[in-house]
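Chemist: In this note's numbering, the protein residues as written are 8 to 69.
A single structure is presented below for examination.
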């Protein structure tokens, strides 16, 4: 978890996780490859980034 202390690593991990979560959601719901609805990749990425930042901050305080 030491590599997650760098902000740019957390950004890349969160964007990848957000894209992965969005693709899994589209696959499980049966949406086409190019859905015309809202793309939640950045929203999921932001949530993952906030969670990772929270975990790193709490791990550093202990």
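Every residue, glycine too, gets a C-beta built ideally from N, C-alpha and C.
Name the residue from 34, 16 and 36 whose alpha carbon lies nearest to the alpha carbon of residue 52.
Modeler: Nearest option by C-alpha distance: 16.
Chemist: In the DSSP assignment, find the alpha helix (DSSP H) that holds residue 34 and state where it starts and stops.
Modeler: First-last of the alpha helix (DSSP H) with residue 34: 14 to 36.
Chemist: How about residue 63 and residue 22: are their beta carbons less than 7 Å apart?
Modeler: Against a cut-off of 7 Å, the Cβ pair of residue 22 and residue 63 comes out as no contact.
Chemist: Assuming contact is defined by CB atoms lying nearer than 7 Å, are residue 48 and residue 67 in contact in what I supplied?
Modeler: Their beta carbons are not under 7 Å apart, which means residue 48 does not touch residue 67 by this criterion.
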